[in-house]
Amino acid sequence: MTESGRDSNKESETKLKFEVIDTGMGIKEKDLGNLFKAFGKIKQDDSSINSQGVGLGLDISNELVKILNKDENEHIEVESEFGKGTTFSFVVPYKEG
308 MTESGRDSNK ESETKLKFEV IDTGMGIKEK DLGNLFKAFG KIKQDDSSIN
358 SQGVGLGLDI SNELVKILNK DENEHIEVES EFGKGTTFSF VVPYKEG
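Note that the sequence shown covers residues 308 to 404 in this note's numbering.
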């Protein structure tokens, strides 16, 4: 859990950071721009990849992160190295009580 900096007009806000680490095949850099587009799917040469999804999951998840943060600039961050895996991370506000 991390705490953001103080603003003179706001009380300090605590945020929770979540990370999902996938040790699979990773995502090619050229494909990262399509991850959060509605119905955006990445074509993979590997036929063992589950291709049944319609390409909405990450787009919907990214919109939820924006809504929970009440900030259009908040989003899911992605770090990926093709052949090694991908890490997705995001933060959401946490208010005790």
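Think of the CB as a built atom: it goes at the ideal place given N, C-alpha and C, for glycine as much as any other residue.
Nearest-angstrom Cα separation, counted from Glu381 out to Phe325 = Approximately 13 Å between the Cα atoms of the pair.
query = Does DSSP put Ile367 in a helix, a strand or coil?
reply = helix
message = Taking the straight line between their C-alpha atoms, what separation do you get for Glu320 and Val398?
response = 12 Å
message = I want to know whether the stretch 384–395 touches the stretch 323–343 - three or more CB-CB distances under 8 Å.
response = yes
inquiry  = Cutting at 6 Å between CB atoms, please list the residues of its own chain near Lys335, excluding the five before and the five after it.
reply    = Phe389
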